[in-house]
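Trainee: Residue numbers are given in the numbering used here: position 92 of the sequence shown equals residue 893, and the series is strictly consecutive.
Quick one: the structure is below, questions incoming.
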Amino acid sequence: MSGSTAAEPWIRRSANPKLDRVMVTPEGVSLNVTVAAAGARAGALALDIIIILGLIFLVTIAGLTLLWGLGVAFDGNLENASGPLQLLAVLWIIAVFLFRNAYFLYFELGDRAATWGKRAVGIRVAARDGGRLTAEAVIARNIVRDVELFLPLVFLTSGEASGSMTDLTAWAGFLWVLMFLLFPLFNRDRLRGGDVIAGTWVIENVKKNLGDIVAPSAANLSNDGTAMVSRYQFSDDDLSVYGEYELQTLENVLRSDQNEALQKVAESICQKIGWEPGSGDERAFLEAYYTALRARLERSMKFGKRRKDKFSPHE
802 MSGSTAAEPW IRRSANPKLD RVMVTPEGVS LNVTVAAAGA RAGALALDII
852 IILGLIFLVT IAGLTLLWGL GVAFDGNLEN ASGPLQLLAV LWIIAVFLFR
902 NAYFLYFELG DRAATWGKRA VGIRVAARDG GRLTAEAVIA RNIVRDVELF
952 LPLVFLTSGE ASGSMTDLTA WAGFLWVLMF LLFPLFNRDR LRGGDVIAGT
1002 WVIENVKKNL GDIVAPSAAN LSNDGTAMVS RYQFSDDDLS VYGEYELQTL
1052 ENVLRSDQNE ALQKVAESIC QKIGWEPGSG DERAFLEAYY TALRARLERS
1102 MKFGKRRKDK FSPHE
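What follows is the structure in structure tokens.
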């Protein structure tokens, strides 16, 4: 087998070894991951809140511009423009609601599973069971965020603005928010309440250069002088059984360079495509399959066709 057990793992080890974990995928493959530090999560949340406030500010400026336009159109008599004003107010409320909620849902449901704030600090959301991050999990963790943070802050702000806020209520709201903000510090996986309920966690997302890791080994020559990749030829049916999620999982396995994981995945792929699994050449087989599958998926993407995982319909 061309892989070496001394190869460097695909994911950077954290400065704090207590945050290093082993995640087992549904296929039984063990992958090294690093849980995001509490400081990184707090920084990402702060950036996201700043971005959301910035978007709300832009929408507010646009609304005020439209309001000025209505004043000009009605010669300053806005009482005659009650209908457009009400519509404008409703649109502003909807926009603020979407920025506060849909912002997180949209980005965490994407391929990167990370908001702009998370991308900036190099972290992402993942399922703790090693499977694909589902829409249900993302929705659940973000609904809980409302209860943890946004709704108490809105309650405190509105109460202070109306003058109905008592000292006891203010302290209760402050302690509520503080409790949930500090919750990740009191569990080993740095989970917040939403992660506990949704079965997710936030891990470090190290950028990977595919060609630097996979291609050099795949281009090595075998003992008989032939290129390893050329020893395996896959039909379109062989490659159509998997999608982008499986490609990423295979990439992680190749980067981890763990013999047991390579053997398990090679046997699983052979069983899936109807091949007879060999022995001692698992890495060469997986590199060849990875290269062919990646090329197929990239060709499909050029024509606007994407297959996210093996459960998605074939092109």
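Even for Gly, the Cβ is constructed at its ideal location relative to N, Cα and C.
Going by alpha carbons, who is nearest to W1076 out of V1054, R993, S1036 and A847?
Mentor: What you label residue 1076 is simply residue 275 of the sequence shown in a count that begins at 1. Ranking the options by Cα distance to W1076, first place goes to S1036.
Trainee: Measuring straight from C-alpha to C-alpha, what distance separates Y1033 and L1051?
Mentor: For the purposes of this step, residue 1033 is taken as the residue at position 232 of the sequence shown. For the purposes of this step, residue 1051 is taken as the residue at position 250 of the sequence shown. Whole-angstrom Cα-Cα distance: 17 angstroms.
Trainee: With burial defined as no fewer than 16 other Cβ atoms inside 10 Å of the residue's Cβ, what is the status of R942: buried or exposed?
Mentor: Locating residue 942 in the sequence shown gives position 141, counting from the first residue. So R942 ends up on the buried side.
Trainee: For L859, does the three-state DSSP call read helix, strand or coil?
Mentor: Taking the sequence shown and counting its residues from 1, one reaches residue 859 at position 58. It is helical.
Trainee: Can you give me the Cβ contacts of Y904 inside the same chain, cut-off strictly under 8 angstroms, excluding the 5 residues immediately before and after it?
Mentor: Start at 1 with the first residue of the sequence shown, and residue 904 comes out as number 103. Only D849, I852, I853, L856 and T916 meet the Cβ criterion.
Trainee: Just the Cα atoms here: how many angstroms apart are E1005 and A914?
Mentor: Numbered from its first residue, the sequence shown carries residue 1005 at position 204. Numbered from its first residue, the sequence shown carries residue 914 at position 113. E1005 and A914: Cα-Cα distance of roughly 12 angstroms.
Trainee: Return the first residue and the last residue of the beta strand (DSSP E) that T1001 is part of.
Mentor: The residue you call residue 1001 lines up with position 200 of the sequence shown. Where T1001 is concerned, the enclosing beta strand (DSSP E) stretches over T1001 to E1005.
Trainee: Taking only three categories from DSSP, how would you classify L910?
Mentor: Indexing the sequence shown from 1 puts residue 910 at position 109. In this structure, L910 counts as coil in the three-state DSSP scheme.
Trainee: For A915, which three-state DSSP category applies?
Mentor: Translated into positions along the sequence shown, residue 915 becomes position 114. DSSP places A915 in coil when its eight states are reduced to three.
Trainee: Taking just the CA atoms, how far does D1039 sit from R946?
Mentor: Position 145 of the sequence shown holds residue 946. Position 238 of the sequence shown holds residue 1039. Computed Cα separation, rounded: 43 angstroms.
Trainee: Could you have a look at T835 and say whether DSSP puts it in helix, strand or coil?
Mentor: Here residue 835 refers to the residue found at position 34 when the sequence shown is read from its first residue. DSSP places T835 in strand when its eight states are reduced to three.
Trainee: Taking only runs of the alpha helix (DSSP H) that begin and end inside the stretch 1035-1087, which ones reach a length of at least 4 residues, in chain order?
Mentor: 1037-1040, 1045-1057 and 1060-1074
Trainee: Identify which residue in V939, E909, L865 and F900 has its Cα closest to the Cα of I998.
Mentor: Here the question's residue 998 lines up with position 197 in the sequence shown. Considering only alpha carbons, the answer is V939.
Trainee: When DSSP labels each residue in this structure, what does P810 get in the three-state scheme?
Mentor: For the purposes of this step, residue 810 is taken as residue 9 along the sequence shown, with counting starting at 1. Below a pLDDT of 50, predicted positions are generally treated as unreliable, and P810, at 34, falls in that range; the measurement from the model is reported next regardless. In this structure, P810 counts as coil in the three-state DSSP scheme.
Trainee: For R933, I'd like the list of residues in its chain whose CB is within less than 8 angstroms of its CB, leaving aside the five on either flank, ordered along the chain.
Mentor: Counting from 1 along the sequence shown, the entry for residue 933 is found at position 132. Counting only Cβ-Cβ distances below 8 angstroms, and skipping sequence neighbours, we find Y1046 and D1110.
Trainee: Can you tell me which of the three DSSP states R901 falls into?
Mentor: Here the question's residue 901 lines up with position 100 in the sequence shown. Here R901 sits in helix by DSSP.
Trainee: Which of the three DSSP states is assigned to R925 in this structure?
Mentor: The residue given as residue 925 occupies position 124 in the sequence shown. In this structure, R925 counts as strand in the three-state DSSP scheme.
Trainee: Report the rounded CA-to-CA distance for R920 versus L1098, giving the unit in angstroms.
Mentor: To locate residue 920, count along the sequence shown from 1; it is residue 119. To locate residue 1098, count along the sequence shown from 1; it is residue 297. Rounded to whole angstroms, R920 to L1098 spans 24 angstroms at the Cα level.
Trainee: Using the C-alpha atoms, what's the distance from S1113 back to G1044?
Mentor: In the sequence shown, the residue the question calls residue 1044 occupies position 243. In the sequence shown, the residue the question calls residue 1113 occupies position 312. When rounded, the distance between both Cα atoms is 8 angstroms.
Trainee: According to DSSP, simplified to helix, strand and coil, what is D990?
Mentor: Position 189 of the sequence shown, counting from 1, holds the residue named residue 990. Correct three-state label for D990: coil.
Trainee: In three-state DSSP terms, what is R822?
Mentor: By one-based count along the sequence shown, residue 822 stands at place 21. Strand at R822.
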